[in-house]
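J.: So the sequence shown is numbered by the numbering used here: it starts at 8 and just counts up by one. Where is the CB? At the ideal position from N, CA and C, for every residue including glycine. Below: one structure in structure tokens.
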Amino acid sequence: MKRATKVGYLLVGLFFATYSAGFAQMENLTKNNIDAGLGLAYGSQAEQLGINVNAYIVLDPKFRVGGGLTYYFPEDVGAADENWFAINFNGQYLFYDEEYRLYGLAGLNIAIVGVNFDSSEFDDISETYLGLNVGAGIEYNINLADLFGELKITGVGNDADQLVLTAGVRFDI
């Protein structure tokens with residue numbers, strides 16, 4: 008329980024640090040300052056498709072910070088279900104911003120992996136892993152929104168590391 012409390016405090020602290028840094032830079036922006044998106048993700052270790060929601064604060068034309076949540080659909084593994092949930096805090100640096108955007112990303116990953124047993128004979132188990140993210144992405148504007156795709160390695164430095172492919176749409180808010 009202590010570990011979950013520490014992770015909770017870390018999440019709240021990172022949120023406020025990101026939020027206040029974005030607010031401090033808002034007066035310098037020439038476009039909308041928040042990009043929010045929805046997409047599908049596939050994790051190589053979770054081996055399941057998941058739903059991803061994300062939001063980024065644009066700090067300047069080249070840099071944005073934010074994060075996302077990914078819920079992977081449960082996998083039936085015999086007498087139990089395996090569940091994966093990922094929380095990511097990332098910085099993105101735009102290398103190219105002409106007819107499409109190309110960016111690199113790096114950040115923090117929190118992966119929660121649980122096994123829920125069908126019978127009451129066994130206790131459900133859950134593990135939380137803290138690691139790093141590194142990857143790249145591309146966005147293409149289609150007037151209404153931006154189509155995006157990302158390829159990243161999440162959980163670097165722990166036992167829940169995996170290659171994740173995410174694709175979806177992002178809107179300027």
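Identify the residues that DSSP records as bridge partners of Glu146: which are they?
T.: In DSSP, Glu146 forms a bridge with Arg108 and Phe155.
J.: Which residues in the same chain have their Cβ closer than 7 Å to the Cβ of Tyr147, if we skip the five residues on either side of it in sequence?
T.: Excluding positions up to five away in sequence, the list reads Tyr107, Asp153 and Leu154.
J.: Does the stretch 96-106 come close enough to the stretch 121-139 that 3 or more CB-CB pairs lie under 8 Å?
T.: Contact fails: fewer than three Cβ-Cβ distances are below 8 Å.
J.: Give me the Cα-Cα distance between Arg71 and Ala113, rounded to the nearest whole angstrom.
T.: Distance between the alpha carbons of Arg71 and Ala113: 11 Å.
J.: Quick check on the burial criterion: 16 or more other C-beta atoms within 10 angstroms. Buried or exposed for Ile132?
T.: It is exposed - the Cβ of Ile132 has fewer than 16 other Cβ atoms within 10 Å.
J.: Please go through the stretch 44-95 and give each complete beta strand (DSSP E) segment of 3 or more residues, from N-terminal end onward.
T.: Whole beta strand (DSSP E) segments, 3+ residues: 55-67 and 70-83.
J.: Counting along the chain, where does the beta strand (DSSP E) carrying Val174 start and finish?
T.: Looking at the sequence provided, one finds Ala at residue 174 rather than Val. From DSSP, the beta strand (DSSP E) with Ala174 extends over Gln169 to Asp179.
J.: Could you have a look at Gly138 and say whether DSSP puts it in helix, strand or coil?
T.: Gly138: strand per DSSP, three-state reduction.
J.: With a CB to CB cut of under 7 Å and the five nearest residues on each side skipped, what residues in its chain are close to Ala53?
T.: So the qualifying residues of the chain are Tyr79, Trp91 and Gln169.
J.: Taking DSSP's pairing of strands, which residues face Gly114 in a bridge?
T.: Beta-bridge pairing links Gly114 to Asn97 and Asn140.
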